[in-house]
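Novice: For the sequence shown, the UniProt record's numbering puts the final residue at 428, and the numbers step up evenly by one.
Just so it is clear, CB atoms sit at the ideal spot from N, CA and C, and this is done for glycine as well.
Source: prediction; values computed, not measured.
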Amino acid sequence: MSTSQVTPLTAEDTVDVSIASAPRDIGAVPDLLKDISGLWDKYDPAADRATRLPLLEKATALAQALETPRETMLKHVGAETASFYTLTLGIEVGLFTELAKNGGSPKKSPELSAALGFDIDGLRRILRHFAAMGHIVQTGSDEWKPNNFSKSLTIPIVNGGYPFYRSVCTAPLLHMHKWMKTKGYPTPTTGKDNPFTFGNQTDQSMFEYMAAHPYLNDCFNHHMGGYRLGRPAWMDPTVYPVQDNLITNFDTSSSSSDPVFLIDIGGNYGHDLERFLDKWPSVPGRIMLQDQQSVLDNVPATLGGGRIEKFAHDFFTPQPVKGARAYYLHHILHDWPDDKCVEIVTNLKGAMTPGYSKLLVNEHVIPSVGASWEATYLDLYMMFLFGARERTEDDWKALLEGKCGLKIEKIWNPGNGVEGIIECIVEG
Ligand SMILES: C[S@@+](CC[C@H](N)C(=O)[O-])C[C@H]1O[C@@H](n2cnc3c(N)ncnc32)[C@H](O)[C@@H]1O
Numbered sequence: 001m002s003t004s005q006v007t008p009l010t011a012e013d014t015v016d017v018s019i020a021s022a023p024r025d026i027g028a029v030p031d032l033l034k035d036i037s038g039l040w041d042k043y044d045p046a047a048d049r050a051t052r053l054p055l056l057e058k059a060t061a062l063a064q065a066l067e068t069p070r071e072t073m074l075k076h077v078g079a080e081t082a083s084f085y086t087l088t089l090g091i092e093v094g095l096f097t098e099l100a101k102n103g104g105s106p107k108k109s110p111e112l113s114a115a116l117g118f119d120i121d122g123l124r125r126i127l128r129h130f131a132a133m134g135h136i137v138q139t140g141s142d143e144w145k146p147n148n149f150s151k152s153l154t155i156p157i158v159n160g161g162y163p164f165y166r167s168v169c170t171a172p173l174l175h176m177h178k179w180m181k182t183k184g185y186p187t188p189t190t191g192k193d194n195p196f197t198f199g200n201q202t203d204q205s206m207f208e209y210m211a212a213h214p215y216l217n218d219c220f221n222h223h224m225g226g227y228r229l230g231r232p233a234w235m236d237p238t239v240y241p242v243q244d245n246l247i248t249n250f251d252t253s254s255s256s257s258d259p260v261f262l263i264d265i266g267g268n269y270g271h272d273l274e275r276f277l278d279k280w281p282s283v284p285g286r287i288m289l290q291d292q293q294s295v296l297d298n299v300p301a302t303l304g305g306g307r308i309e310k311f312a313h314d315f316f317t318p319q320p321v322k323g324a325r326a327y328y329l330h331h332i333l334h335d336w337p338d339d340k341c342v343e344i345v346t347n348l349k350g351a352m353t354p355g356y357s358k359l360l361v362n363e364h365v366i367p368s369v370g371a372s373w374e375a376t377y378l379d380l381y382m383m384f385l386f387g388a389r390e391r392t393e394d395d396w397k398a399l400l401e402g403k404c405g406l407k408i409e410k411i412w413n414p415g416n417g418v419e420g421i422i423e424c425i426v427e428g
């Protein structure tokens, strides 16, 4: 039986099998090597993203040009999948913590097996695959040490994504084709009838499901701290002018004796607010973190030096804190289809002082050409998990101005693959 019911190509269009075992584009290699050499000469650790990412892009193109379709295929269907699930297992049994002990000095399989209580045969074979894939380093026969990638897997905000994606996102992707086929290949548009609910055999939407699975919820919430690491943050002066657009005209004489400067709505463990206070420690006014109670329960009162007020709030109900200088939504609207986004924003609009309060929407603004994988992969997860999406500039205008009645003052774009700030007001 064929792998699919797709009608075969005609004889003239048939692709010759020889291309599957030849490099994908060997002719591109000389120019790519020259580009890489030139970019390496300009590499500057002080301008890491500006000089490293173009280099990485060319190096990836070089690896792809050299790799045969057969090799790519085997990585996709076997090697990378085996890596993902065994890396997750390794995280959960403490393998990477064990490897990182004593400064990450080389360790033999029997020593690791004894420390972990993990049968040596299976462990040795997993370690061998990790070394083959570049996840750890083999230092001798049956001897291993971690590299910076595997050392990072001891950090909760880096390793949390693995159990979350395995246990929450795998089943939706695994069964997505069946949901698609039964329904006639639609684009999912709701949080309740989509590959997530089908794959996980639940009638709960993703955040309801997460609240019912505390371990996975904690992993997800740590992952929220990890995905942003090392990238420009919205409050960096190179991204958004916090001083000029928020602090300078902050109204400290308003009705409240202690006015609110910034509320992070759906702010999770406060990753963004902590970063904000690191950069703007003497900002005036109150700083609030809103999320579901089940999330805030894990946030220590000492967050942000005790300056961050925790406030359980369901963003599908009216925002009770009125007239704040800024209401901030990071990776919230991308979780919801337009009709639900309208509900969330309408609940905020009622609290915003026209012409004064800002709504800062921190989301990808997908360009029409050359979208980054950092946005495209998320877009697919948003589709399959939530019936939602990452949005283009036109999508944002249609949603925030057209459907929500806000005025977009400006879209601040820090570069492809990093979320921008869509700065909105309610017109006075
Ligand atoms: C994708 S996460 C984004 C978290 C954070 N803003 C960030 O960028 O890392 C979405 C957040 O929305 C929160 N959330 C989901 N439904 C909510 C609701 N009805 N009311 C308030 N928060 C909610 C979740 O708990 C989660 O922290």
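Are at least three pairs of beta-carbons, each pair with one atom in the region 91 to 103 and one in the region 72 to 83, less than 8 Å apart?
Specialist: The answer is no - the region 72 to 83 does not touch the region 91 to 103, with fewer than three Cβ pairs under 8 Å.
Novice: Please work out which residues of its chain come closer than 6 Å, Cβ to Cβ, to residue 17, disregarding the five sequence neighbours upstream and downstream, and give them in chain order.
Specialist: Your numbering for residue 17 matches position 17 in the sequence shown. Within the same chain, residue 17 has no close Cβ partners at all.
Novice: Suppose you measure from the CA of residue 11 to the CA of residue 19; what does that come to, to the nearest Å?
Specialist: Position 11 of the sequence shown, counted from the start, is the residue given in the question as residue 11. Position 19 of the sequence shown, counted from the start, is the residue given in the question as residue 19. Whole-angstrom Cα-Cα distance: 16 Å.
Novice: Considering only the beta carbon of each residue, do residue 39 and residue 55 sit closer than 8 Å?
Specialist: Your numbering for residue 39 matches position 39 in the sequence shown. Your numbering for residue 55 matches position 55 in the sequence shown. Against a cut-off of 8 Å, the Cβ pair of residue 55 and residue 39 comes out as a contact.
Novice: Considering only C-alpha positions, which residue in the set 330, 128, 98, 67 is nearest to residue 117?
Specialist: By one-based count along the sequence shown, residue 117 stands at place 117. For residue 117, the nearest C-alpha among the options comes from 98.
Novice: Comparing the CB of residue 230 with every heavy atom of ligand 3, is any distance shorter than 7 Å?
Specialist: For the structure depicted, ligand 3 is absent and the ligand set comprises only ligand 1.
Novice: From residue 298 to residue 210, what distance separates their C-alpha atoms?
Specialist: Mapped onto the sequence shown, residue 298 falls at position 298. Mapped onto the sequence shown, residue 210 falls at position 210. C-alpha separation (whole angstroms): 14 Å.
Novice: Relative to the alpha-carbon of residue 173, which residue among 157, 160, 246, 199 has its alpha-carbon at the smallest distance?
Specialist: Looking up residue 173 in the sequence shown gives position 173. Nearest C-alpha to residue 173: 199.
Novice: Quick one: using the 10 Å Cβ neighbour count with 16 as the cut-off for buried, is residue 243 buried or exposed?
Specialist: Within the sequence shown, residue 243 is the residue found at index 243, counting from 1. So residue 243 counts as exposed.
Novice: Quick one: is residue 134 buried, meaning 16 or more other Cβ sit within 10 Å of its Cβ, or exposed?
Specialist: Locating residue 134 in the sequence shown gives position 134, where the first residue counts as 1. It counts as exposed.
Novice: Given a cut-off of 8 Å, decide if residue 368 and residue 327 are closer than it, judged by their beta-carbon atoms.
Specialist: As a position in the sequence shown, residue 327 is number 327, starting the count at 1. As a position in the sequence shown, residue 368 is number 368, starting the count at 1. It is not a contact, given that the beta carbons lie outside the stated cut-off.
Novice: To the nearest angstrom, how far is the alpha carbon of residue 402 from that of residue 408?
Specialist: As a working note, residue 402 is residue 402 in the sequence shown. As a working note, residue 408 is residue 408 in the sequence shown. If you take the alpha carbons of residue 402 and residue 408, they lie about 10 Å apart.
Novice: Among 420, 34, 132, 176, whose alpha-carbon lies nearest the alpha-carbon of residue 232?
Specialist: Locating residue 232 in the sequence shown gives position 232, where the first residue counts as 1. Residue 420 is the option with its Cα nearest to residue 232.
Novice: If we define contact as Cβ-Cβ less than 8 Å, is residue 199 a contact residue for chain B?
Specialist: Of the protein chains in this structure there is only one, and it is not chain B.
Novice: Below 8 Å on the Cβ atoms is my contact criterion, and I expect residue 137 with residue 147 to pass it. Report the Cβ-Cβ distance as a whole number of Å.
Specialist: Indexing the sequence shown from 1 puts residue 137 at position 137. Indexing the sequence shown from 1 puts residue 147 at position 147. Indeed, because the Cβ distance is near 5 Å, the residues count as touching under 8 Å.
Novice: Please determine, among 380, 392, 332, the residue with the shortest C-alpha to C-alpha distance to residue 265.
Specialist: Within the sequence shown, residue 265 is the residue found at index 265, counting from 1. Checking every option, the nearest Cα to that of residue 265 belongs to 332.
Novice: Quick check on residue 191: does DSSP put it in helix, strand or coil?
Specialist: In the sequence shown, the residue the question calls residue 191 occupies position 191. Correct three-state label for residue 191: coil.
Novice: Take residue 219 as the anchor and find which of 79, 74, 295, 302 has the nearest alpha-carbon.
Specialist: Reading the sequence shown from its first residue, position 219 is the one you call residue 219. Nearest of 79, 74, 295, 302 to residue 219, Cα basis: 295.
Novice: Excluding sequence positions up to five away, which residues of its chain have a Cβ less than 6 Å from the Cβ of residue 1?
Specialist: Locating residue 1 in the sequence shown gives position 1, where the first residue counts as 1. In this prediction, residue 1 has a pLDDT of 44, which is less than 50 and means its spatial position is unreliable; what the coordinates show is noted afterwards. Same-chain partners within the cutoff: there are none.
Novice: Let me know if residue 125 comes out buried or exposed under the rule of 16 or more other beta-carbons within 10 Å of its beta-carbon.
Specialist: In the sequence shown, counting from the first residue as 1, residue 125 sits at position 125. Flag for residue 125 reads exposed.
Novice: Check for me: the beta strand (DSSP E) holding residue 408 runs from which residue to which?
Specialist: Counted from its first residue, the sequence shown places residue 408 at position 408. Looking at the DSSP string, the run of the beta strand (DSSP E) that includes residue 408 is 407 to 412.
Novice: Give the secondary structure of residue 127 by DSSP, where H, G and I count as helix, E and B as strand, and everything else as coil.
Specialist: Here residue 127 refers to the residue found at position 127 of the sequence shown. If DSSP states are grouped into helix, strand and coil, residue 127 belongs with the helices.
Novice: What whole-angstrom Cβ distance do residue 425 and residue 355 have, given they're in contact under 8 Å?
Specialist: Here residue 425 corresponds to residue number 425 of the sequence shown, with the count starting at 1. Here residue 355 corresponds to residue number 355 of the sequence shown, with the count starting at 1. 6 Å between Cβ atoms; contact.
Novice: Can you find a heavy atom of ligand 1 that lies under 7 Å from the Cβ of residue 213?
Specialist: Mapped onto the sequence shown, residue 213 falls at position 213. No - ligand 1 has no heavy atom lying nearer than 7 Å to the Cβ of residue 213.
Novice: Spatial neighbours of residue 417 within its chain, please: CB distance less than 7 Å, with the 5 preceding and 5 following residues excluded, ordered by chain position.
Specialist: For the purposes of this step, residue 417 is identified with residue 417 of the sequence shown, where counting begins at 1. If we look at residue 417 and ignore the five residues flanking it on each side, its Cβ neighbours are 372, 374, 375.
Novice: Put residue 283 into one of helix, strand or coil per three-state DSSP.
Specialist: By 1-based counting over the sequence shown, the position of residue 283 is 283. Here residue 283 sits in coil by DSSP.
Novice: For residue 138, write down the residues that DSSP places opposite it in a beta bridge.
Specialist: Here residue 138 is taken as the residue at index 138 of the sequence shown, counted from 1. Residue 138 pairs with 144.
Novice: Nearest CA to the CA of residue 392: which residue from 205, 379, 385?
Specialist: Position 392 of the sequence shown, counted from the start, is the residue given in the question as residue 392. Taking only the C-alpha atoms, the option nearest residue 392 is 379.
Novice: Work out the CA separation of residue 361 and residue 240 for me, nearest whole Å.
Specialist: Along the sequence shown, one-based indexing puts residue 240 at 240. Along the sequence shown, one-based indexing puts residue 361 at 361. For residue 240 and residue 361, the distance between alpha carbons rounds to 12 Å.
Novice: Is residue 314 close to ligand 1? I mean its beta-carbon at under 7 Å from any heavy atom of the ligand.
Specialist: Residue mapping note: residue 314 aligns to position 314 of the sequence shown, counting from 1. Residue 314: yes, Cβ under 7 Å from ligand 1.
Novice: Could you tell me if residue 317 is buried or exposed, where buried requires 16 or more neighbouring beta carbons within 10 angstroms of its beta carbon?
Specialist: For this step, residue 317 is matched to residue 317 along the sequence shown. With fewer than 16 Cβ atoms within 10 Å of its Cβ, residue 317 is classed as exposed.
Novice: If you reduce the DSSP assignment to three classes, tell me which class residue 233 lands in.
Specialist: As a first step, residue 233 is located in the sequence shown; it is residue number 233 there, counting from the start. If DSSP states are grouped into helix, strand and coil, residue 233 belongs with coil.
Novice: When the Cα of residue 195 is compared with those of 387, 415, 423, 400, which residue comes out closest?
Specialist: The residue labelled residue 195 in the question sits at position 195 within the sequence shown. Comparing Cα-Cα distances from residue 195 to each of 387, 415, 423, 400, the minimum goes to 387.
Novice: Which stretch, first to last residue, makes up the beta strand (DSSP E) that contains residue 326?
Specialist: The sequence position of residue 326 within the sequence shown is 326, counting from 1. Residue 326 -> beta strand (DSSP E) spans 326 to 330.
Novice: Indicate whether residue 267 and residue 304 have their beta-carbon atoms separated by less than 8 Å.
Specialist: Stepping through the sequence shown from its first residue, residue 267 is reached at position 267. Stepping through the sequence shown from its first residue, residue 304 is reached at position 304. No, these two residues do not count as a Cβ contact at 8 Å.
Novice: Going straight from the alpha carbon of residue 107 to that of residue 79, what length do you get?
Specialist: To locate residue 107, count along the sequence shown from 1; it is residue 107. To locate residue 79, count along the sequence shown from 1; it is residue 79. Residue 107 and residue 79: Cα-Cα distance of roughly 24 Å.
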